[in-house]
Amino acid sequence: MSRAELLVREPGLRTLVIDAGRLGWQHLGMPPAGAADAETWVLANALAAASPGSAALEVTHAGPTLEVTEGTVFAGIAGACEVTLRDGADSRTLAGWCRLIARPGAVLELGRVRDGLRAYLAVAGGIDVPPFLGSRSANLRGGAPGLLGRALLAGDRLPIGPSPRQAWVVPGADPPPWRGETGAVRVVPGPQAEALTERGSDTFLAADWVVASASDRGGLRLEGPIVELASAADIASEGCAAGSVQITGGGRPIVLLVDRGTTGGYVKPFTIASVDLPRLGRLRPGESLRFSAVSVEEALALRRAREIDCQAWAAAIR
Amino acid sequence: MPRLLPVADTALLVDLSDAGAAAGQHVAALDEALAARTVEGLLDRIPGLTTLLVEYDPLRTDAAAVSQVLAPLVDALALAASGPARRAGRSHRLPVCFDADLAPDLDSVAACAGTDAGGVCRLLCGAPLRVALMGHLPGFPYLSGVPAALHLPRRADPRTAVPAGAVALAGGLAGIYPVSAPGGWHLVGRTAARLYDPERADPFLLRPGDAVHLEAVDRAAFERLAAAGEQR
Chain A
-6 MSRAELLVRE
4 PGLRTLVIDA
14 GRLGWQHLGM
24 PPAGAADAET
34 WVLANALAAA
44 SPGSAALEVT
54 HAGPTLEVTE
64 GTVFAGIAGA
74 CEVTLRDGAD
84 SRTLAGWCRL
94 IARPGAVLEL
104 GRVRDGLRAY
114 LAVAGGIDVP
124 PFLGSRSANL
134 RGGAPGLLGR
144 ALLAGDRLPI
154 GPSPRQAWVV
164 PGADPPPWRG
174 ETGAVRVVPG
184 PQAEALTERG
194 SDTFLAADWV
204 VASASDRGGL
214 RLEGPIVELA
224 SAADIASEGC
234 AAGSVQITGG
244 GRPIVLLVDR
254 GTTGGYVKPF
264 TIASVDLPRL
274 GRLRPGESLR
284 FSAVSVEEAL
294 ALRRAREIDC
304 QAWAAAIR
Chain B
269 MPRLLPVADT
279 ALLVDLSDAG
289 AAAGQHVAAL
299 DEALAARTVE
309 GLLDRIPGLT
319 TLLVEYDPLR
329 TDAAAVSQVL
339 APLVDALALA
349 ASGPARRAGR
359 SHRLPVCFDA
369 DLAPDLDSVA
379 ACAGTDAGGV
389 CRLLCGAPLR
399 VALMGHLPGF
409 PYLSGVPAAL
419 HLPRRADPRT
429 AVPAGAVALA
439 GGLAGIYPVS
449 APGGWHLVGR
459 TAARLYDPER
469 ADPFLLRPGD
479 AVHLEAVDRA
489 AFERLAAAGE
499 QR
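Protein chains in written order, with the numbering used here: chain A, -6 to 311; chain B, 269 to 500.
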């Protein structure tokens, strides 16, 4: 078992420490936070041979430059994020979906993310910053101690947990076959399914929506037609599930993501099926999407089938 | 009848609004009853004003299994004739400054309430407020017990940034912003108390069920208390 450390030389556009999120505190208003594209985070941990649930780095648009200051780092990168490993006079560049062994003094330079908004860099042993309220996920709404209160900055030091030495035979993997899917995003009826008129519901399911530039990890704001409400958009404040589709008083949809307000007072006529939630974390502002309605049972079956596919993908690179 | 409503393949919403004025107590009692059991695959519980959202891992359980746990707990609530007892919370006095620059909507709220700024201040500071719910932001309390004269709808035009400490009114409730955030409530004062502080042993000042009294303080006292909070 050996320990290691990474020094942040360049932070990238927005690089966050993330894990599965901070569950168990939403009743006090803490957003769950965690990976915006949880599926790709899980695959990154599989590539790095990190224990499931290990904290990793979420890269947004373009990634950081990291120097190994101690120990040897066994890293996995999920997402089409170009990565260059410089070790003395040696330099090699890979297109992402790969694993790398970086020795002391080596520098990992992550470039642009080419297949969406985010990529994930995981390390065997996990990013070992002290957890806050049970999680190693950055909280951007109100902060958290140390590196979990913000995006990474140059000069930050990332401790890496102990891990056995890896002797990898498989250097990487093809992206999962479902990765480029462009079909409609599946939705199930939300808690206020009756809040839209029939026309409003048809509008939501028929329109081509565009991700607005004001979108963030809290929510995707969608540009398109006005969705007609049957009555006022306000309800008594209640808990918001992951992927809830809020319709504001002006008839505008907002899909709630990981940094969402835990409670809200707008109606939520639809919820994104959990199988398609990771896709929303990949969408860049300006990209378009459509929705299609499925039942909760269908959504559950799709999610469970996807889990089997993910496990098969991970088993193939072991 | 209370409704158990699947609202996702990862969540169920228990709607207790039928209990009327007792809904909040029923939500708290159900939340506590659920917290006392180990439920396979349960990820989190989020009380609302009249609802409880239960989130679960769809790879370990499903709506039918979670409903089976919830249904008898919900039935037990309905059987308690007088409603479950309210959990005794702690009591807090929060210093609030009502100076005009810290309370940009105080005059418009006063006009709606048919009083002046001093009248709003006296109404709020005289009210026994209670944390009905927490949510929206880390440590944000939805406070019940606001005098009827101060029940207002949200502002038509939400602000892009409400400062930390802002004491706000909307929808018959008061709220206090622990951290700066966008918001559509009417801003009527500013507290020096820190409702969320990640560096504190307990980051959250309040808990659902706690009693809250607002205490008017002058600018000098506000600045002193705010500075003391910064240093700690």
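Note that CB positions come from ideal geometry on N, CA and C, so glycine has one too. Source: prediction; values computed, not measured.
Within chain A, the residues that residue i reaches when beta carbons sit closer than 9 angstroms
{"i": "F520 of chain B", "result": "Since the first and last residues shown for chain B are 269 and 500, residue 520 of chain B lies out of range."}
{"i": "P476 of chain B", "result": "H20, L21"}
Proximity test, Cβ basis, 9 angstroms: residue i and chain B
{"i": "N132 of chain A", "result": "yes"}
{"i": "A205 of chain A", "result": "no"}
{"i": "E(-2) of chain A", "result": "no"}
{"i": "S208 of chain A", "result": "no"}
{"i": "A229 of chain A", "result": "yes"}
{"i": "T86 of chain A", "result": "no"}
{"i": "G258 of chain A", "result": "yes"}
{"i": "P237 of chain A", "result": "The amino acid occupying residue 237 of chain A in the given sequence is Ser; Pro does not appear at that position. It does: the Cβ of S237 of chain A has a partner Cβ on chain B nearer than 9 angstroms."}
From the options, residue whose alpha carbon lies closest to that of residue i
{"i": "E290 of chain A", "options": "A:V181, A:V122, A:P25", "result": "A:V181"}
{"i": "C233 of chain A", "options": "B:L302, B:S376, B:A297, B:L320", "result": "B:L320"}
{"i": "Y324 of chain B", "options": "A:A71, A:L16, A:S47, A:E75", "result": "A:L16"}
{"i": "D478 of chain B", "options": "B:G413, B:H404, B:G386, B:L311", "result": "B:G413"}
{"i": "P157 of chain A", "options": "A:P184, A:V66, A:E3, A:D83", "result": "A:V66"}
{"i": "G217 of chain A", "options": "A:A229, A:R210, A:A235, A:G279", "result": "A:G279"}
{"i": "L40 of chain A", "options": "A:G89, A:T58, A:V61", "result": "A:G89"}
{"i": "V10 of chain A", "options": "A:E51, A:V1, A:A207, A:L249", "result": "A:E51"}
{"i": "R297 of chain A", "options": "A:V268, A:S285, A:R277, A:R283", "result": "A:V268"}
{"i": "A307 of chain A", "options": "A:V238, A:A42, A:G5", "result": "A:A42"}
{"i": "S128 of chain A", "options": "A:Q304, A:D12, A:R283", "result": "A:D12"}
Under 7 angstroms from the C-beta of residue i: neighbouring residues of chain A
{"i": "V275 of chain B", "result": "G183, P184, A234, T264"}
{"i": "A331 of chain B", "result": "V289"}
{"i": "E323 of chain B", "result": "A234"}
CB contact below 9 angstroms: residue i versus chain A
{"i": "L341 of chain B", "result": "no"}
{"i": "D312 of chain B", "result": "yes"}
{"i": "R422 of chain B", "result": "yes"}
{"i": "L392 of chain B", "result": "no"}
{"i": "D498 of chain B", "result": "Checking the sequence, you will find Glu at residue 498 of chain B rather than Asp. No, its Cβ sits nowhere closer than 9 angstroms to a Cβ of chain A."}
{"i": "A494 of chain B", "result": "no"}
{"i": "L362 of chain B", "result": "no"}
{"i": "L306 of chain B", "result": "For the record, residue 306 of chain B in the displayed sequence is Thr; it is not Leu. So, not an interface residue."}
{"i": "D317 of chain B", "result": "Here residue 317 of chain B turns out to be Leu, not Asp, going by the sequence shown. Yes, L317 of chain B lies at the interface with chain A (some Cβ there is under 9 angstroms from its Cβ)."}
{"i": "L397 of chain B", "result": "no"}
{"i": "G357 of chain B", "result": "no"}
{"i": "L281 of chain B", "result": "yes"}
{"i": "S285 of chain B", "result": "yes"}
Interface partners of residue i on chain B, CB under 7 angstroms
{"i": "P138 of chain A", "result": "P466, E467"}
Contact set for residue i: own chain, Cβ-Cβ below 6 angstroms, skip 5 residues either direction
{"i": "A349 of chain B", "result": "The pLDDT assigned to A349 of chain B is 49, lower than 50, so where the model puts this residue is not dependable; a value taken from the coordinates is nonetheless given after this. Nothing meets the Cβ criterion."}
{"i": "L482 of chain B", "result": "L362, V364, L392, C393"}
{"i": "S(-5) of chain A", "result": "G64"}
{"i": "G457 of chain B", "result": "V364, F366, A371, V435"}
{"i": "R7 of chain A", "result": "T53, A144"}
{"i": "D167 of chain A", "result": "none"}
Interface residues of chain B facing residue i [CB-CB closer than 9 angstroms]
{"i": "F67 of chain A", "result": "What F67 of chain A touches in chain B: nothing, since even the nearest Cβ is about 27 angstroms away."}
{"i": "S194 of chain A", "result": "Those within 9 angstroms of S194 of chain A in chain B number zero; the least Cβ separation is about 16 angstroms."}
{"i": "G254 of chain A", "result": "G403, H404, L405, F408, A449"}
Residues that residue i contacts on chain B, provided the C-beta gap is smaller than 8 angstroms
{"i": "G135 of chain A", "result": "L405, P406, G407, P446, V447, Y464, P466"}
{"i": "F125 of chain A", "result": "P466"}
{"i": "S267 of chain A", "result": "A276, D277, T278, P326"}
Same chain, Cβ closer than 8 angstroms to residue i, five either side skipped, listed in chain order
{"i": "R172 of chain A", "result": "D108"}
{"i": "A429 of chain B", "result": "S448, A449, P450"}
{"i": "R487 of chain B", "result": "C365, D367"}
{"i": "A140 of chain A", "result": "One point to set straight first is that residue 140 of chain A is Leu, not Ala, in the sequence displayed. Excluding residues within five positions, the ones whose Cβ falls inside 8 angstroms are V10, V122, A131, D149, L151."}
Check: residue i C-beta below 8 angstroms from any heavy atom of the ligand NAP
{"i": "L273 of chain B", "result": "Although the ligand NAP was asked about, the structure shown includes no ligands whatsoever."}
Close Cβ partners of residue i (< 7 angstroms) along its chain, the five nearest in sequence each way excluded
{"i": "P326 of chain B", "result": "D277, T278"}
{"i": "A71 of chain A", "result": "T33, L36, A37, L40, W90, A112, Y113"}
{"i": "R253 of chain A", "result": "P24, G211, G212, C233"}
Chain-ordered chain A contacts of residue i [CB-CB under 8 angstroms]
{"i": "P431 of chain B", "result": "Near P431 of chain B there are no residues of chain A at all, since even the closest Cβ is about 13 angstroms away, more than 8 angstroms."}
{"i": "L338 of chain B", "result": "Within chain A, no residue comes near L338 of chain B; the closest Cβ sits about 14 angstroms away, beyond 8 angstroms."}
Which residues, taken in chain order from the segment 287 to 310 of chain A, show a beta carbon closer than 7 angstroms to some beta carbon of chain B? Closer than 7 angstroms at the C-beta level to chain B, one finds these residues of the segment 287 to 310 of chain A: V289, A292, L293, R296, R297, E300.
Contacting positions in the segment 141 to 164 of chain A - beta carbon closer than 7 angstroms to chain B: Those residues of the segment 141 to 164 of chain A that come within reach of chain B (Cβ to Cβ, closer than 7 angstroms) are G142.
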